[in-house]
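Enquirer:
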Amino acid sequence: MENKHFVEIVDKFVSNRMNYDGQYADNELRKLIEDVTGELFGRIPSDGIDRELIVSEVYNKKKRLGLIQPLLDDPDVNEIMINGTDGIYIERAGDLSEYDKRYSDRDALFNNVQTMLSWANRTVNESNPIVDARLQRGYRINVVLPPVAINGPIVTIRKFRDEIFTMEDLISNGTLSHKQSAYMIDCVRMRKNIIISGATSSGKTTFLNVLAGFIQNTKRIITVEDTAELKLCQPNVVRLETRNSNTEGKGEIRMRQLIKAALRMRPDHLIIGEVRDESSLDMLTALCTGHEGSMSTVHANSAKDALLRLETLALWEGHVSSRAIRQMIVSGIHVIVQLTRDDKARRKVKEIVEVIGYEDDKIATSNVIV
60 MENKHFVEIV
70 DKFVSNRMNY
80 DGQYADNELR
90 KLIEDVTGEL
100 FGRIPSDGID
110 RELIVSEVYN
120 KKKRLGLIQP
130 LLDDPDVNEI
140 MINGTDGIYI
150 ERAGDLSEYD
160 KRYSDRDALF
170 NNVQTMLSWA
180 NRTVNESNPI
190 VDARLQRGYR
200 INVVLPPVAI
210 NGPIVTIRKF
220 RDEIFTMEDL
230 ISNGTLSHKQ
240 SAYMIDCVRM
250 RKNIIISGAT
260 SSGKTTFLNV
270 LAGFIQNTKR
280 IITVEDTAEL
290 KLCQPNVVRL
300 ETRNSNTEGK
310 GEIRMRQLIK
320 AALRMRPDHL
330 IIGEVRDESS
340 LDMLTALCTG
350 HEGSMSTVHA
360 NSAKDALLRL
370 ETLALWEGHV
380 SSRAIRQMIV
390 SGIHVIVQLT
400 RDDKARRKVK
410 EIVEVIGYED
420 DKIATSNVIV
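Per my numbering, the sequence shown starts with residue 60, numbered consecutively.
So, in structure tokens, the structure goes:
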């Protein structure tokens, strides 16, 4: 008898044995599956069957994440990318590879997606085919359904490590030098406003979290994020997170609303996650009105591109001139740190730039040599 058939049998017997009026802890569920598997091994010919494998596969099915549960449990897997029934790809230690299993039908994948999103009190359907959410363990999930994704459902899950990186970790793995570290720590202590720039997966959030760790414990910190990822250890921290609209198209809370709300909470330091829309103007306004020691991140290929992107995003608002926005940038932003990621997934500080003034309608910058 093949493993697949034995899994189906054990799964059926476990279902009949389960009390669906109660809640099963993970260890209780696994114990039940082990007991049922042991009983069946004694009654059904099972030569060549891996008992532990059977237990694990049934356990994963009962947790209703089946195929990808081992990937979620694997601490070395950073990202899971499900291309419908075409295949599953994973990033492990910076290397992208194809998983040796895949979903056989879209319905099974869609059911798994609905289960994961239910944990975040979110739904995805034809009228709402694109969803971003945060799962129970803080993982970030993005789902795109057909017909928007032709070969969907497309699911991307980014996992975040439980441990918090330190500046010593970043120095030891080559992200930055001792001198660069000392300079950045001084910037935080001098309450300079810092923008961390880089491409996707270049380590912006990790770097932001490390820098924010040097804020004094006596200060009040307000964080504003699309998906809550920062893990700060200071005692006086308020965490705000955006919210998408519900199935009726209501209830959306956008980044710029949260920035405005944060300013009413008496922040000593305002930490804003990635700026990607006209909330750039709200952030610049905050930085220009006495909220020093604030930090944020932005997607860009260089420090100068980061300034241009912030300007462009702020212009989406439509009622502020480019000249005024540039002057706000000069007044509100002091330092830009550019991060890069090489083909071996090593993150590194590419450049540190100071904003030094405004000349001939242009933002003047100076590279920091450390």
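Idealized CB from N, CA, C, for every residue including glycine.
#1: Does the Cβ-Cβ distance between L346 and G272 come in under 8 Å?
#2: Does the beta-carbon distance from I274 to G352 come in below 8 Å?
#3: Any contact between the region 380 to 396 and the region 409 to 417? By contact I mean 3 or more CB pairs, one from each, below 8 Å.
#4: Please classify T174 as buried or exposed, where buried requires at least 16 neighbouring CB atoms within 10 angstroms.
#5: Measuring CB to CB, does L229 end up less than 8 Å from V269?
#6: I'd like the ranges of any beta strand (DSSP E) spanning at least 3 consecutive residues and lying wholly in the region 320 to 354.
#7: Along the chain, where does the alpha helix (DSSP H) containing I103 start, and where does it finish?
#8: To the nearest angstrom, how far is the alpha carbon of D166 from that of K160?
#9: Shortest alpha-carbon distance to T96 belongs to which of N62, D85 and P129?
#10: Less than 8 Å separating the beta-carbons of S261 and R406?
#11: Within 10 angstroms of its Cβ, does P206 collect 16 or more other Cβ (buried), or is it exposed?
#12: From the DSSP output, which residues share a beta bridge with S186?
#13: Work out the CA separation of Q128 and A258 for me, nearest whole Å.
#14: Taking DSSP as the reference, what is the three-state secondary structure of V247?
#15: By how many angstroms is the C-alpha of K421 removed from the C-alpha of E410?
#16: Mapping the DSSP letters down to three states, classify K90 as helix, strand or coil.
#17: So, are the CB atoms of T264 and T356 less than 8 Å apart?
#18: Skipping 5 residues on each side, what residues in its chain have a beta carbon closer than 6 Å to that of E116?
#19: Nearest by alpha-carbon distance to V430: which of A362, A208 and D94 is it?
#20: With a 10 Å radius around its C-beta and 16 neighbouring C-beta atoms as the bar for buried, classify L155 as buried or exposed.
#21: Under the assumption that V394 contacts K251 (Cβ atoms under 8 Å), give the Cβ distance between them as a whole number of angstroms.
#22: Is DSSP giving V117 helix, strand or coil here?
#23: Between which two residues does the beta strand (DSSP E) carrying N268 extend?
#24: In this structure, how does DSSP classify L204 when only helix, strand and coil are distinguished?
#25: May I ask you to report which of helix, strand or coil DSSP gives I254?
#26: For L99, I'd like the list of residues in its chain whose CB is within less than 7 Å of its CB, leaving aside the five on either flank, ordered along the chain.
#27: Does the count of Cβ pairs from the region 219 to 233 and the region 177 to 195 closer than 8 Å reach three?
Expert: To lay it out plainly:
#1: no
#2: yes
#3: yes
#4: exposed
#5: yes
#6: 328 to 333
#7: Unbroken run through I103: none, as it is neither H nor E.
#8: 16 Å
#9: N62
#10: yes
#11: exposed
#12: Its beta-bridge partners do not exist; DSSP assigns none.
#13: 29 Å
#14: helix
#15: 20 Å
#16: helix
#17: yes
#18: V66
#19: Outside the shown range of the chain (60 to 429) lies residue 430, about which nothing can therefore be said.
#20: exposed
#21: 5 Å
#22: helix
#23: Unbroken run through N268 is the alpha helix (DSSP H), K263 to A271; no beta strand (DSSP E).
#24: coil
#25: strand
#26: I68, V69 and F72
#27: no
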